[in-house]
Amino acid sequence: MAEKKSNERRPAIAALRLALALTGFGLGFSLMWFSVLSLLPSVVAGAASFALVWVWGKRIETAGPSRAALERLAMRLAFRKGSVSADELASASGKTLAEAREVLDELAERGLAQEEDGRYRFP
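With the numbering used here, letter number 77 in the sequence shown gets 77, and the count goes up by one each step, no holes.
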């Protein structure tokens, strides 16, 4: 289920990353292009900006949500439903069940959550 959700979001994220990269190209191109003689350097600068923004966006996309974002997501899910399980957190975040359970266990160790029958409540 988690794989399906992350695959459903990919076209939107890829389109956003492409738009940002094209904006980077436009910015790099416009900063250099003042006359016909500077066309080649401006295209090179635009392509370099495009590549930098594309790689940056891909790195963010593959890294997934941070630990703090997973904790906030767990708290939001628990607020909506009263409690949250590791399965629910894993399917909502696209992370594995082990990673979701680890995040919830860390919240319980810090006293922010209480485990009851495999579900975590936030007092």
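No residue lacks a Cβ here, since even glycine has one placed at the ideal position from N, Cα and C.
Once you ignore the five residues that flank residue i on each side, which residues in its own chain have a CB closer than 7 angstroms to its CB?
i	result
residue 93	65, 70, 73, 100
residue 105	none
residue 86	97, 100, 101, 104
Which term fits residue i, buried or exposed, when burial requires 16 or more other beta carbons within 10 angstroms of its beta carbon?
i	result
residue 30	exposed
residue 50	buried
residue 40	exposed
residue 15	exposed
residue 89	buried
residue 107	buried
residue 68	exposed
How many angstroms separate the CA atom of residue i from the CA atom of residue j?
i	j	result
residue 79	residue 38	57 angstroms
residue 55	residue 27	16 angstroms
residue 82	residue 117	14 angstroms
residue 115	residue 76	16 angstroms
residue 110	residue 63	25 angstroms
residue 120	residue 48	47 angstroms
Thinking just about the alpha-carbon of each residue, which of the options is nearest to the one in residue i?
i	options	result
residue 22	45, 112, 60	45
residue 57	105, 19, 75, 104	19
Go to residue i, then tell me how far its alpha helix (DSSP H) extends in each direction, as first and last residue.
i	result
residue 59	39–63
If you follow the beta strand (DSSP E) that residue i is part of, which residue opens it and which one closes it?
i	result
residue 101	Element bounds for residue 101: not the beta strand (DSSP E) but the alpha helix (DSSP H), 97–109.
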